[in-house]
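Okay, so here's the structure we're looking at.
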Amino acid sequence: MTNALQDLNAMLIMKIVLILNQLVCTIEKYEEGMAQKCKITCGLCGDSTSSTPVPASTTPSGDCKNNGKNCDQLVKYCTNAVYETILSNICKKTCRICK
2 MTNALQDLNA
12 MLIMKIVLIL
22 NQLVCTIEKY
32 EEGMAQKCKI
42 TCGLCGDSTS
52 STPVPASTTP
62 SGDCKNNGKN
72 CDQLVKYCTN
82 AVYETILSNI
92 CKKTCRICK
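If you want it as structure tokens, here you go:
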């Protein structure tokens, strides 16, 4: 497995963990503790109406850079539904998310 694919799999695992944690926010037994310790994950900050942060569709050109390794090797996954959200945050320049 290439380093790029390993990085992508690690990002996917982190996204899955986030989704699972968001589900825990809705389990009555854990609601109170999650509300205290995981406000962002549970969507309890400010006027948020969604538990999942929605990334901006564009980034100011000054911030147009890749924050991950091997983005050039991952370009083919930029429009893949499984990896699109992750890569739009990690590989902004490569995936052409910037203005």
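Each residue of the sequence shown is one higher than the one before, starting from 2 at the first, in my numbering.
Every residue gets a Cβ at the ideal spot worked out from N, C-alpha and C, and that includes glycine.
Remember, it's a predicted structure, so these values are computed and weren't measured experimentally.
Straight-line Cα distance separating residue j from residue i
i, j, result
"Thr-86", "Asn-68", "14 Å"
"Ser-52", "Leu-19", "Because Ser-52 carries a pLDDT of 38, less than 50, the predicted location of this residue cannot be relied on, and no value is offered for it."
"Asn-10", "Lys-16", "10 Å"
"Cys-92", "Lys-70", "8 Å"
"Gln-74", "Leu-45", "36 Å"
"Lys-30", "Lys-40", "16 Å"
"Val-83", "Leu-21", "16 Å"
"Gln-37", "Ile-28", "14 Å"
"Cys-72", "Asp-8", "10 Å"
"Val-76", "Met-35", "36 Å"
Nearest candidate by alpha-carbon position, reference residue i, set the options
i, options, result
"Asp-64", "Lys-38, Arg-97 and Gln-37", "Arg-97"
"Asn-81", "Thr-3, Leu-21 and Leu-13", "Leu-13"
"Lys-94", "Lys-66, Leu-75 and Cys-39", "Lys-66"
Buried or exposed (CB count within 10 angstroms, at least 16 for buried), residue i
i, result
"Leu-6", "exposed"
Integer-rounded CB distance, given that residue j should sit under 8 Å from residue i
i, j, result
"Gln-23", "Thr-42", "6 Å"
"Leu-88", "Cys-79", "5 Å"
"Glu-32", "Cys-26", "7 Å"
Next on the checklist: Suppose only complete runs of 4+ residues qualify. What are the alpha helix (DSSP H) ranges in the segment 66-92, listed by chain order?
Outcome noted: 72-75 and 85-91
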